[in-house]
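Engineer: With the working numbering, the residue at position 8 of the sequence shown is 640, and numbering never jumps.
We treat Cβ as the ideally placed atom computed from N, Cα and C, and that holds for glycine.
The structure displayed is predicted, hence computed values, not measured ones.
Shown below is the structure under consideration.
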Amino acid sequence: MFRDYGNTVFSNWNPKLPPARLDASLSSLYYLDFNSRETELGPDYAPLALTLGGHSLIFQEGQWLLQQTPQGAKGRSPKAGDRTRIRRLKNKNRELQEENNALKIRVELLMDMLAETTARHHVFRFQLADTDH
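Written out as structure tokens, the structure is:
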């Protein structure tokens, strides 16, 4: 029954083909030969540079290299500033770990108190139930 229904309803179904997509992702420089590309971009391509978190990186010979920067405005090298920042972060991390340990102890103590109170409540409830009977 359903087989016949499908043959009659869907037999005339012929969807339109979607239009062809254009290759928008390819740059026009891809199609240029070396001499045209050199004329367009110049003979010396600048290395790819990236700055993240105050550090400059350059992509050279297939690897990301840390670019040497001049000394900071205060006359200190960036490494000295990094050492100070790392020391502060380590101290803050130690303080937070100590606070976390203290909070864990408090939670454990409160859970013990809750368990003791719940046990007492059950004992009193059973004693009350025994006196009612």
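Residues in its own chain within less than 7 Å of P767 by CB, not counting five upstream and five downstream?
Structural biologist: Absent from the model: residue 767. The displayed extent of the chain is 633 to 765, so no value can be given.
Engineer: Compute the Euclidean distance between the alpha carbons of L721 and D744, then round it to the nearest angstrom.
Structural biologist: 34 Å
Engineer: Cα separation between D762 and N733?
Structural biologist: 44 Å
Engineer: If you reduce the DSSP assignment to three classes, tell me which class Q759 lands in.
Structural biologist: helix
Engineer: I'd like the ranges of any beta strand (DSSP E) spanning at least 3 consecutive residues and lying wholly in the stretch 674-751.
Structural biologist: 680-684, 687-692 and 695-698
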